[in-house]
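Quick note: to get the numbering used here, add 5 to the position in the sequence shown (first position is 1).
Even for Gly, the Cβ is constructed at its ideal location relative to N, Cα and C.
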Amino acid sequence: MRPSTDRMITRVKSIYLYIKEKGTVTTRELVDEFGITQRTIQRDLNVLEYNHLVHSPSRGKWAATSKKVKVS
Numbered sequence: 006m007r008p009s010t011d012r013m014i015t016r017v018k019s020i021y022l023y024i025k026e027k028g029t030v031t032t033r034e035l036v037d038e039f040g041i042t043q044r045t046i047q048r049d050l051n052v053l054e055y056n057h058l059v060h061s062p063s064r065g066k067w068a069a070t071s072k073k074v075k076v077s
């Protein structure tokens, strides 16, 4: 795997675990926590949403779904 792909997977996993731990978070909170651009956060959230791992209960807020996940 390319280093950039590996880095992206690690980042997406970290974002998912953060949301799962905190409950509901805002996009701004994720930007501040991870120190990356809002556009990058949005792309990562789109990956998580596509895989049914997070959902947006209201505009700009995100929560983990109840989908069972094995994190390695």
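Minimum C-alpha distance to A69 - residue among K27, R16, R48, R12: By one-based count along the sequence shown, residue 69 stands at place 64. With distances taken between Cα atoms, A69 lies closest to K27.
Using C-beta distances below 8 Å, list every residue in its chain close to T36, excluding the 5 sequence neighbours before and after it, in chain order. Counted from its first residue, the sequence shown places residue 36 at position 31. Residue identity differs from the one stated: residue 36 is Val in this sequence, not Thr. For V36, where only same-chain residues beyond five positions count, the Cβ hits under 8 Å are T42, Q43, I46.
Contact check, L53 vs Y21, beta carbons under 7 Å: Taking the first residue of the sequence shown as 1, we reach residue 53 at position 48. Taking the first residue of the sequence shown as 1, we reach residue 21 at position 16. The answer is yes: Cβ separation under 7 Å.
Per DSSP, what kind of secondary structure is T70 in: helix, strand or coil? Sequence index remark: in the sequence shown, residue 70 carries index 65 (1-based). T70 falls in the coil class under three-state DSSP.
Assuming the contact rule is C-beta atoms closer than 8 Å, G65 and T31 should be a hit. Round their C-beta distance to whole Å, please. Taking the first residue of the sequence shown as position 1, residue 65 is located at position 60. Taking the first residue of the sequence shown as position 1, residue 31 is located at position 26. Contact annotation, G65 with T31: C-beta distance approximately 5 Å; criterion of less than 8 Å satisfied.
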